Amino acid sequence: MAAVAANIAIGVVKFIAAAISGSSAMISEGIHSIVDSGNGLLLLFGMKRAERKPDIEHPFGYSSELYFWTLVVAVMIFALGGGVSIYEGIHRIMSITPETTLGDQTLNYIIIVISAIIEGLSLRVALREFNAARGTVKPMRFIREAKDPSLFAVVFEDSAALTGLLIALLGTILGDLTGIVYFDGIASVLIGLLLASVSGLLLRETKGLLIGEGLEASELSQIKCIVEADPHVHRCGRVLSLYLGPQDLLVTIDVTFDQFADRDAIDASIDEIERGIVRAFPQTSRIFIEPENDYNTEAAAKRVARLITSR
């Protein structure tokens, strides 16, 4: 909440500076800060909503609600951040006349430097958490495979904030040195395009989570090894998984048990398999094991084959 409040304060100061200097780049930066504040609140809201317990209408809980609110954040960055900034920049460029001049830019320089320091500290904290979570995995691969969008969403936003400030600074310096007002409008458009790009990245990563992502192939193989290590298991069949939330993994397994194993032995095996899976994947919240035998497995395969050939 402190970071959100700081972003709001910075945004207000940027708007004041924009009003004094007439800089459209500072208007875009003010919009950027306010949008970042709203996004921070939405992510906190999404995380809180995702913690709700399962009920009759939502028997698997609300963990995936975090994915929905991350999508809303991406749309806000695109529409309010990117769209408005691009519009403001184009409007500024189109409204320039031979008499148009830039006001005193001193306040802009001061605010940009202070904002850059604050955003740099925020990015440093976000990167520390991001790097701790990814370990030795390469950054882009971790982003593609991560199931918690809050880990990379903050890094995206803070990186965009610093880059946007750099663009605003360059636009201000070039306009100040040359007297060419167009640089200010161009900087605003570039900030808008930057935000639109960040929104696109966030939308791409969130889309997969909303559609439904599961474990990697190597992780599914690990589960299969855990199942087949049990002495009463004849064969591990289909293994399906789905992330309902960052720490809410659903796993279903078809298991063919030894035909001579009694019910008590099978029950004990199922308990041991579940414990093994949870040890390997602590984020697992639900495991459904479907016991089968060779006859049922073969019959099911024949039914599927008949359905395919009849089409």
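Just so we're aligned: 1542 in the working numbering is position 228 of the sequence shown, and the numbers increase by one with no gaps anywhere.
Every residue gets a Cβ at the ideal spot worked out from N, C-alpha and C, and that includes glycine.
Remember, it's a predicted structure, so these values are computed and weren't measured experimentally.
- In terms of Cβ geometry, ILE1540 and ILE1591 form a close pair [threshold 8 Å].
- Take the alpha-carbon of LEU1523 and the one of SER1511: they are about 19 Å apart.
- Residue burial is scored here from C-beta neighbours: PHE1466 has at least 16 other C-beta atoms within 10 angstroms and is therefore classed as buried.
- Inter-residue distance for VAL1318 and CYS1550 is about 49 Å (C-alpha atoms, whole angstroms).
- Its chain contains VAL1565, GLU1588, ILE1591 as the residues whose beta carbon lies nearer than 7 Å to that of ILE1601, once the 5 sequence neighbours on both sides are disregarded; these appear in chain order.
- DSSP places VAL1547 outside any alpha helix (DSSP H); the residue lies instead in the beta strand (DSSP E), whose first and last residues are 1547–1559.
- Under the criterion of beta carbons closer than 8 Å, ARG1366 and GLY1375 qualify as touching, at roughly 7 Å.
- About 5 Å separates the CB atoms of ALA1388 and SER1513; that is less than 8 Å, so the two are in contact.
- The residue from THR1520, ILE1370, ARG1438 with its alpha-carbon nearest to that of GLU1379 is THR1520.
- By a beta-carbon distance limit of 8 Å, GLY1499 contacts ARG1406. Their separation comes to about 4 Å.
- GLU1433 and ALA1475 have their C-alpha atoms roughly 7 Å apart.
- Between GLU1402 and SER1535, the gap from beta carbon to beta carbon reaches 8 Å or more.
- Pairing LEU1509 with HIS1346 gives a Cβ-Cβ distance under 8 Å.
- For PHE1571, there is no enclosing alpha helix (DSSP H); the residue is found in the beta strand (DSSP E) stretching over 1562–1571.
- Residue range 1598–1606 is occupied by the beta strand (DSSP E) that includes PHE1602.
- If you ignore the 5 residues before and after VAL1327, its C-beta comes within less than 7 Å of the C-beta of ILE1425, all in its own chain and listed in chain order.
- Counting the other Cβ atoms within 10 Å of the Cβ of ALA1323 gives fewer than 16, which makes it exposed.
- In the same chain as LEU1504, and ignoring 5 residues on each side of it, the C-beta atoms closer than 7 Å to its own belong to ILE1481, in chain order.
- Leaving aside the five residues that flank TYR1423 on each side, the residues in its chain whose CB is nearer than 8 Å to its CB run, in chain order, LEU1483, THR1486.
- Within the same chain, GLY1551, ASP1568, VAL1569, THR1570 come within 7 Å of GLU1606 by CB-CB distance, once the 5 residues on both sides are set aside.
- Residue burial annotation: THR1450 is exposed, with fewer than 16 other C-beta atoms found within 10 angstroms of its C-beta.
- Cβ contact annotation for LEU1416 (same chain, cutoff 8 Å, sequence separation greater than five): SER1335, GLY1336, SER1337, GLY1489, ASP1490, GLY1493, VAL1495, ASP1498, in chain order.
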